[in-house]
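The sequence shown finishes on residue 348 if you use our numbering, and the numbering steps up by one all the way, no holes.
A short worksheet on the structure shown next.
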Amino acid sequence: MSELPVPDLSDARILRTIAGIRPCRRGGLRLEPERFGDTTVIHNYGHGGCGITLAMGCAPAVADLADRHADGPVAVLGAGVVGLASAFELASRGRRVRVVAERIGTGTTSAIAGAIWLPTGLDFPDDQAARDRLNGFLRTSAARLRSFDATQWGIETLPVYEPACAPYHGELFESGTIEDPAPIESLPVGVERGPGKVFETLFVHTTRFLRTLRARCASLGVTFEQRTIGSIEDVLALDTRLVVNCLALGSRDVFGDDAMYPARGVLVHLEPQDLGYIVHDGYKYMFPREDALILGGTFEPGVVDPTPPEETVREILAHHRAFFGLAACDSHAARA
C-alpha cells in the first residue's frame, strides 16, 4: 500500500486535454542587445521549456543592459512569464514600461504547464563562460523565488520522486540551486515499490504566479497594449529607443532567428488533487497544481499543431495509470 495518497486518474476526473508549444532554441538562451538604427532591442528569449524557472534570474540582467544603453521608457514585447518578469524588474527600477503583446499572462503558453523549478527543454552551452552565466541566472532566479511570499505568489517546495531507471541529466543540477537526486531503496508511491530517486525543488502554481506578477507590474505603473508584432517594422513603429524582446517563437519571424524551433507538449488536466508530491520521469510527469492535476507529456520538436492527438492522450493516461497500478478505462472522454 502506498505511503502517499494515490491520485484518481479516472476518465471522470478529466477536465481537458491541451498542448503547449515550447519556444526552444538551438544554442540556448539569447540575452543580448542589438541595434536597429536609433533603437536598441534587448533580446531575452530561448528559454525552452523552463521560462518560469529562468525568468526571474534573467530579468535583472535585462535591466542592467537597459541601464547601459538608453534612458527613458521601455517597450516589452511579449507578456508570458519572461516578458512580465522583465517588465516587473524594469518598473521596479523606475522605468516607464509598456508591455505590447497579443496575449497576456494567463492567456499565454506560460500558463499551461506545471511548473516544476528545473531547467528542462533548454540547450546548455558548451562554452564554459556562457554556461557559468546561465548557471548564474538560475541561482538568481531560485533565490528570488524563494524570497517571495509563498502564499501570495503560489510557490512551495515539494519532493520529486523518480523511478531508478529515470535518466540523469547532470546539467540540470550543476548550478547548485537544488541537490542531486538521492537514491532511495523503495519509492513511497507507485505499484512497483522498488528503488528510486528523490530530490526537492520549488513548484510554482503558474496561474496564481502569473496573476500576481501582472498585478505587481500594474501597481508599478506598467501599461498593457494588446497588439500583434509581426515584423521589425512593427517594432520600430512603437517609437521608443529601447525595446525588450520576449517574443519567444515570434523572434524567428520578427528578428530572423532560425535557431528558434517549436516543441509540442501534450498534457492532460484532471480535477485538482492535493497530493503533496511530484512524480517525474523525463517528459512523463505528474504535477499537483492547485487548479488541475497535470499529467505530462511529450516533447515533439517541430510540431506546432496545438490539437492533442487522442492516441497521445491515451498513452499519457496509460503510463501514469500503470505507474500507480490503477485499472485502465475502456474509454477516454477528453473535454476541450
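Ideal Cβ placement from N, Cα and C applies to all residues, glycine included.
Small disclaimer: the values here were computed from a predicted structure and weren't measured.
I'd like the list of long-range same chain contacts for residue i, defined as Cβ closer than 8 Å, with 5 residues on each side in sequence excluded.
i	result
Ala348	Confidence is the limiting factor: at Ala348 the pLDDT is only 42, short of 50, which leaves the residue's position unreliable, though a coordinate-based value still follows. These residues qualify, in order along the chain: Arg28, Thr29.
Thr51	Val247, Leu248, Thr252, Arg253, Leu254, Val255
Val18	Val201, Phe336, Leu338
For residue i, which option in the options has the closest C-alpha, if you only look at C-alpha atoms?
i	options	result
Ala142	Thr240, Gly39, Leu199	Gly39
Arg239	Cys177, Pro320, Ala249, Ala67	Ala249
Ala304	Arg37, Ile124, Phe160, Asp76	Ile124
Cys36	Thr52, His332, Ala260	Ala260
Leu41	Arg25, Gly60, Ala24	Gly60
Thr152	Gly69, Arg110, Phe160, Phe299	Gly69
Gly208	Val172, Trp129, Ala275, Leu329	Val172
Glu168	Phe236, Arg220, Ile196, Pro321	Arg220
Ala271	Ser22, Leu134, Leu96, Ala82	Leu134
Leu150	Arg34, Thr163, Phe136	Phe136
Pro195	Arg205, Ala176, Asp79	Ala176
Gln285	His181, Arg301, Asp139, Ala275	Arg301
Gly106	Val266, Pro85, Tyr180, Ser243	Pro85
Ile244	Val266, Val111, Gly206, Ser98	Val266
Gly314	Ala275, Phe335, Gly288	Ala275
Val234	Val112, Glu44, Asp83	Val112
Thr189	Ala334, Thr213, Glu197, Tyr180	Thr213
Cys229	Leu16, Thr65, Ser98, Gly58	Ser98
Gly90	Val316, Glu114, Gly268	Glu114
Ala8	Ala73, Asp83, Gly268, Arg205	The question about residue 8 has no answer, for the chain in this structure spans 13 to 348.
Tyr180	Gly294, Ile328, His331	Gly294
Leu43	Gly182, Cys258, Pro321, Leu16	Cys258
Ala67	Arg156, Glu191, Leu287, Gly182	Arg156
Asp269	Ala154, Ile116, Glu15, Glu46	Glu46
Taking 6 Å as the cut-off, is the C-beta of residue i nearer than that to any heavy atom in the ligand SAH?
i	result
Leu329	The ligand SAH is absent from the structure shown, which contains no ligand whatsoever.
According to DSSP, is residue i helix, strand or coil?
i	result
Gln374	Within the shown structure, residues of the chain are numbered from 13 to 348, placing residue 374 beyond reach of any answer.
Phe335	helix
Ser22	coil
Ile244	helix
Leu279	strand
Leu146	helix
Ala348	With a pLDDT of 42 at Ala348, under the threshold of 50, the modelled position of that residue is not reliable, and no figure is offered here.
Arg253	coil
Asp342	Confidence in Asp342 is poor, its pLDDT being 45 and thus under 50, which makes the residue's placement unreliable; the coordinate value appears in the next sentence. Note: Asp342 maps to coil in three-state DSSP.
Asp270	coil
Ala125	coil
Arg107	coil
Ala260	coil
Met13	Residue placement at Met13 cannot be trusted, given a pLDDT of 41 that sits under 50; what the coordinates show is reported in the next sentence. DSSP places Met13 in coil when its eight states are reduced to three.
Hey, is residue i's beta-carbon within less than 7 Å of any beta-carbon in chain D?
i	result
Gln140	The structure shown contains no chain D; it holds only a single protein chain.
For residue i, I'd like the list of residues in its chain whose CB is within less than 7 Å of its CB, leaving aside the five on either flank, ordered along the chain.
i	result
Thr324	Val278, Thr310
Gly63	Gly92, Val93, Val94, Ser122
Pro318	Ala31, Ile33
Asp342	Residue confidence is low: Asp342 scores 45 on pLDDT, short of 50, so the model does not pin down where it sits. No coordinate-derived value is stated.
Asp144	none
Ala162	Glu168
Asn56	Leu43, Cys70, Val74, Val94, Ser98, Val256, Asn257, Cys258
For residue i, which residues in the same chain have their Cβ closer than 6 Å to its Cβ, ignoring the five residues on either side in sequence?
i	result
Asn147	Ser187
His292	Val172, Glu174
Gly49	none
Ala24	none
Arg264	Met272
Ile328	Val280, Leu307
Just to check my reading of the structure: residue i and residue j have Cβ atoms closer than 8 Å, yes? What is that Cβ distance to the nearest angstrom?
i	j	result
Leu96	Leu225	5 Å
Ser104	Leu222	That pair is no contact at about 17 Å.
Pro131	Leu184	6 Å
Phe299	Gly126	4 Å
Glu237	Arg108	Actually they do not touch by this definition, with Cβ atoms about 13 Å apart.
Gly262	Ile241	7 Å
Pro193	Val210	6 Å
Ile54	Ala78	6 Å
Task: Ordered list of beta strand (DSSP E) runs contained in the region 290–331, each at least 3 residues - done: Runs found: 290–293, 296–301, 304–308.
TODO: Please go through the region 27–105 and give each complete alpha helix (DSSP H) segment of 4 or more residues, from N-terminal end onward.
DONE: Runs of the alpha helix (DSSP H) inside the region 27–105: 63–81, 93–104.
Open item on the list: At 3 residues or longer, what runs of the beta strand (DSSP E) sit wholly inside the region 193–230?
Closed with: For the region 193–230, the continuous beta strand (DSSP E) assignments of 3+ residues that do not extend past its boundaries occur at 194–196, 208–216, in sequence order.
- [ ] Can you check the region 159–188 for any beta strand (DSSP E) of at least 3 residues that lies completely inside it and give the ranges in chain order?
- [x] Correct list: 167–175.
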